[in-house]
Each structure stands twice: as C-alpha cells, then as structure tokens.
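Asker: Supplied in structure tokens, the structure appears directly below.
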Amino acid sequence: MSTFIIAIDGPAASGKSTVSRRVAAALHWVHVDSGSLYRGVTWKLLRDGLSCRDEQVVMKMLMSLRMEFFLVDGGIRFMIDGEDPGMKIRSEQVAEQVSVVAAMPCVRAWIGERLRSMLRFGSLAMEGRDIGTVVFPDAPFKFFLNATPEERARRRLGDLSGAEGTPSFSKVKTSLLRRDALDSERAAAPLARAADARVIDTTGLSIDDVVAQIVNAVRKTEPRSLVYRICRFLLKVWLVLWCRFESRGEQQVPPAGGCILASNHASFLDPPLVGCNLAHRFIRFMARDTLFRNPVFSWWGMRVGVVMLDRTKGDIGAMKAALAVLKAGGILCLFPEGTRTRDGELQPPKGGIGFLIAKARVPVVPVYVDGSFRAFPRGARWVQPRKITVHYGAPLYPDAWSEMTGSKDGYERIAALVMERISVLERKARGMPAKTSPPPPIIASMMKSCENACIPARDHYS
Ligand code: DC
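Counting from 1, position 207 in the sequence shown corresponds to residue 190 in the working numbering; the numbering is continuous, with no gaps.
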C-alpha cells in the first residue's frame, strides 16, 4: 500500500467529521466521509420511492446503481446515477432511515468496496463507524473518538441551534443514544473500536487539541536523522547568506505520507535547495552508488537521505528503490527532466517518471527552482552569489492521472502534466501570465454547490 490511511471511527457527534476534515487538510490528504455514502444510497432509495427496509429491493437497486467519485476541495464528493445529491443527503428524512439501510450486509459490502477503491485518490483520512475494523483493518493509523452523551448532545444542539423547531436537549440526547444503539447492535460491521485504535475522549478538548494529537502521531513516523538536520541547517545558513535563498509555498508539501517533489533541474545545487526549507520532512534523493564507494561517504549519504542506486540493475532497480521509499510513507525528490539544463530553459520530461508516478499513487508537488542556473550551472567551478528562490506548487493528486495509466503514451502524458505544472510555477516566478485551464464542468458545479451548501463549519464539532 503506497498510500496511507487514517481511520477515524466513533459514534455520532463525537467530533469525527470536523476532526477528520481538519486532519486531512493539515496533512494534504484526502478526506472521506464514509457516512455520506450510506446517506447517498438512502437518499436514492427515498428519491425513487423504494422501500428502505426491504433488503431484496435495496439489493436490486444497488445492482444497477452508478456512484462516481470526484475529488473536490480535498474531499470526496459523488454523483449518483449522474446526479449530485448535494446537501439533500443531510435531510431529516434521510437521517431517519439511514441506520436501517446501513445495517444491511449487502449495502455494507457494496459501500465497503467503493471505500477501498478510494485509495486511487492517494492517502486518506476516512471517518466512519467500521473503518479501522472492517474497511481498512490494516490501516497504520486508527483512532476512535468518543465523548460523553451529554457533551455530544450539546454539540448536536449547537449545530441545530437557530434552525426552526430546534428540539430539546433531552430529545437530542435520546435520539443520539438510539442511533448509537442501532449502529452498535447491528449484526453487520457494528460501530466498534478496533483493538489497536487509539481512543481519544474529546469531552472538554478543543478541536485543535484533537487534530494536533492525530497529526503528531502521523508525523512521528517520519524518519529522523541528526546528520541530515545538521547538514540542512548549515547549508541553509550558507545559501541564505550567499545566494539570498528563500522559498515560497512550502506549506503545500504534505507534512506526512508518501509524496514526490518533482523539480526542474538546472544545477547540482537543486537537491539541497529543494529540501532546505522543508524542516518537517526527511527528503530522500536518488544517486548512483558509485558516487558513495568510500565508506565515510556511504555512511554520510545514507544519513542525508540518499537512496543509492545500483546502476548495474538499470532503471528497474531505480524504480523499485523509489517505490519502496514512497510506500513507506517517505518523500522523494525527483527531476523529471532527467538531467541538468544546458541553457537555463525547461526541458521535456522523461516518460519513465510518468510510470513511477502512476505506480506510486502519491501526491506530486511541482517545484520550480529559480536562480540555481545563474548561481551554479553546468561546468561552473564556483557558486556565484546569485539570488535563488524555490517555489512549491499545489499538489497533484492521483485522480489527476487515473485515466492516463496503463500505456506508454499515458505515462508520457503524466510526465508532461507534471512538467506543465512546473512551467506554471516558472511563469509565475518570472511574472508571466499563467495559462490555466478551468476545472471540468462537473467539478466546477460541485465546487459551486460546496460554496452554497451549508457544509458544517470547520471550526466547531459536528
Ligand atoms: O456519520 P453519519 O451520521 O453521516 O452516518 C450516517 C449513517 O451511516 C449512520 O447511521 C451510521 C452509518 N455509517 C456506518 O454504518 N458505517 C460507516 N462507516 C459510516 C456511517
């Protein structure tokens, strides 16, 4: 599994939704609200006037149901038989029936399969009731959020306040307990804590506290190397003093999980430049092992993140080494052009990089290093004191190339897509007008409905 998964389970109003959305945003991972799929199926049954209690009817409907998924604003949205249900899945009618529908084994199997397929979008922060127990029992990070019934009822009441006919506190509490009972007592995949999940009682904790606990647990898995940190610090001091080095957009780089940094290549300075300002990550680079034959060099190389390649094994060996780093949740810096530019201009990418990106299924952050060619181009003996700025762009997620995999031509298109994103950064850095293409119509309309809909606010529990 080259992508990472955080399973966040818990009862209603335990804080899962807000927390998982915020965790996903903090890590630049994809947020999946699994409950929305159960709600979507329930909405469709109601919309078509079908029974939500007759399993045969539900099974028949599922056989012809088409649910398509899209990544919108860092979260998964879907269309059902070509229609975007939007906020209708949050209606009272759907809420009343969804527990019954979600208890049916055929529905759970159908939705479970689709939830597992979301790995194609990249690393996931998925919330639900059975994510750590049934959907992804091997997820490396599992959390179970809980809170006292009183606290949960207070939060739910807070969400509903202002709406017409707001129910009383005791009614809300009773309804929550009823849903807990339905979700926990059903035979198929009941609400349960995975034995290896970390329980967080969110009663009295702020959202920031809970989010920080989860994000820190994930970030802790990043390998640490004192040698790397010392070298990075010294190099940075020198680059800042000598080349007025600075960077823009480094917050675009996911703080944890597999990720590729795809940079233009103009100079031997590029690898350290790309990693210099990313204090939160241990950037890995690929290099020929022949450069590190000396045992002291080899020791140093491994500690500063060099992935040594045995050139006798050719490109396959390099590919395997790169995938191993990414599968372990590491971050790898690659140069799609393959070699340093001779004239300072961007060069066409190598197709092989597209193959690697397709196989790795991790976000790709485009990077443009501006100034390294002027400071230390091919053939130069000394580094000139020229201004260098590193620009990090918004990550590209695996769904951006999901249609392009499987052929040589497709891999070349993936490589070209990444190179195009680097050239967008170049144009921006040079003050040239951007050539951006609008999002596909479906995504544009979903983005619009996201803006208009009363999506639960991000700064309170929901
Ligand atoms: O989280 P929510 O309230 O949107 O969930 C809607 C329903 O779906 C709720 O009754 C629990 C059920 N559900 C489930 O059974 N398994 C999941 N993984 C997610 C939700």
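Yeah, the Cβ is synthetic: ideal placement off N, Cα and C, and Gly gets one too.
Note that the coordinates shown come from a computational prediction; the quantities given were computed from them, not determined experimentally.
With E233 as the anchor, note down where its alpha helix (DSSP H) starts and where it stops.
Answerer: Neither: E233 is in no alpha helix (DSSP H) and is coded neither H nor E.
Asker: What's the call for H263, buried or exposed, on a 16-neighbour Cβ count within 10 Å?
Answerer: Exposed is the call here.
Asker: May I ask you to check if the CB of R112 is nearer than 6 angstroms to at least one heavy atom of the ligand DC?
Answerer: Yes, the ligand DC has a heavy atom inside 6 angstroms of this Cβ.
Asker: Within the present structure, is the beta-carbon of V81 separated from the nearest heavy atom of the ligand DC by less than 6 angstroms?
Answerer: Answer for V81: yes, Cβ within range of the ligand DC.
Asker: At 4 residues or longer, what runs of the alpha helix (DSSP H) sit wholly inside the stretch 100 to 185?
Answerer: Complete alpha helix (DSSP H) runs here, min 4: 132 to 143 and 152 to 168.
Asker: Let me check one thing: in DSSP terms, what residues is F52 bridge-paired to?
Answerer: Per DSSP, F61.
Asker: For a quick check, are the C-beta atoms of A172 and R91 less than 7 angstroms apart?
Answerer: Contact: yes.
Asker: Among the candidates N199, G241 and L292, whose CA atom is the shortest distance from the CA of F104?
Answerer: Minimum Cα distance to F104 is reached at G241.
Asker: For the ligand DC, any of its heavy atoms closer than 6 angstroms to the Cβ of S34?
Answerer: Outside the cutoff, so no.
Asker: Measuring alpha carbon to alpha carbon, tell me which residue in A363, A(-5) and P424 is nearest A136.
Answerer: Minimum Cα distance to A136 is reached at A(-5).
Asker: Is there at least one non-hydrogen atom of the ligand DC closer than 6 angstroms to the beta-carbon of D192?
Answerer: D192: no, Cβ never under 6 angstroms from the ligand DC.
Asker: When DSSP labels each residue in this structure, what does S355 get in the three-state scheme?
Answerer: Note: S355 maps to helix in three-state DSSP.
Asker: Sort F318, S189 and M302 by Cα distance to D453 and report the nearest one.
Answerer: Outside the modelled stretch of the chain, which goes from -16 to 445, sits residue 453, for which no answer is possible.
Asker: Any heavy atom of the ligand DC closer than 6 angstroms to the beta-carbon of D166?
Answerer: Yes - the ligand DC has a heavy atom lying nearer than 6 angstroms to the Cβ of D166.
Asker: Candidates P424, L400 and Y380: which alpha carbon is nearest T(-14)'s?
Answerer: The shortest Cα separation from T(-14) among P424, L400 and Y380 belongs to Y380.
Asker: Following a CB-centred definition, is A(-5) positioned closer than 6 angstroms to any heavy atom of the ligand DC?
Answerer: Yes, Cβ of A(-5) sits closer than 6 angstroms to a heavy atom of the ligand DC.
Asker: Count the other CB atoms, across all protein chains shown, that sit within 10 Å of the CB of K333; report buried if there are 16 or more and exposed otherwise.
Answerer: By the 10 Å Cβ count, K333 comes out buried.
Asker: Compare the Cα-Cα distances from V366 to each of P150, W221, A417 and M87 and report the closest residue.
Answerer: For the residues P150, W221, A417 and M87, the minimum Cα distance to V366 belongs to W221.
Asker: Closest to G284 by C-alpha separation, out of Y394, F127, R267 and G115, would be which residue?
Answerer: For the residues Y394, F127, R267 and G115, the minimum Cα distance to G284 belongs to R267.
Asker: Could you tell me if the beta carbon of A175 falls within a distance shorter than 6 angstroms of some heavy atom in the ligand DC?
Answerer: Checking every heavy atom of the ligand DC against the Cβ of A175, none is found closer than 6 angstroms.
Asker: If contacts are defined as beta-carbon pairs under 8 angstroms, then C259 and L218 qualify, I think. What distance do you get, rounded to the angstrom?
Answerer: About 6 angstroms; that satisfies the 8 angstroms criterion.
Asker: Please state if the CB of L107 and the CB of V13 are separated by a distance shorter than 7 angstroms.
Answerer: In contact: V13 and L107 (Cβ atoms closer than 7 angstroms).
Asker: Consult DSSP for V456 and reduce its assignment to one of helix, strand or coil.
Answerer: Outside the displayed span of the chain (-16 to 445) sits residue 456, for which this structure offers no information.
Asker: Using DSSP with H/G/I as helix, E/B as strand and the rest coil, what is D446?
Answerer: Residue 446 is absent from the model: the chain starts at -16 and stops at 445.
Asker: Helix, strand or coil: which one does DSSP assign to T372?
Answerer: It is a strand residue.
Asker: Closer than 6 angstroms to a non-hydrogen atom of the ligand DC - does that hold for the CB of A85?
Answerer: Correct: A85 has its Cβ closer than 6 angstroms to the ligand DC.
Asker: Who are the Cβ neighbours of I(-12) in its own chain at under 6 angstroms, not counting the five residues just before and after it?
Answerer: These residues qualify, in order along the chain: L107, F119 and A122.
Asker: Closest by CA to A245, which one among S(-3), V41 and V373?
Answerer: Checked all of S(-3), V41 and V373; the closest Cα to A245 is V373.
Asker: Taking the C-alpha atoms as reference points, what is the distance between D179 and T116?
Answerer: Their Cα atoms are separated by approximately 9 angstroms.
Asker: Is F318 helix, strand or coil by DSSP?
Answerer: Note: F318 maps to coil in three-state DSSP.
Asker: Counting pairs of Cβ atoms below 8 angstroms between the stretch 287 to 299 and the stretch 222 to 237, do you hit three or more?
Answerer: The stretch 287 to 299 vs the stretch 222 to 237: no contact.
Asker: Between which two residues does the alpha helix (DSSP H) harbouring D192 extend?
Answerer: Its alpha helix (DSSP H) spans residues I190 to R202.
Asker: Could you check if D392 is buried or exposed, using at least 16 other CB atoms within 10 Å of its CB as the buried criterion?
Answerer: Classification of D392: exposed, given that the 10 Å Cβ count is below 16.
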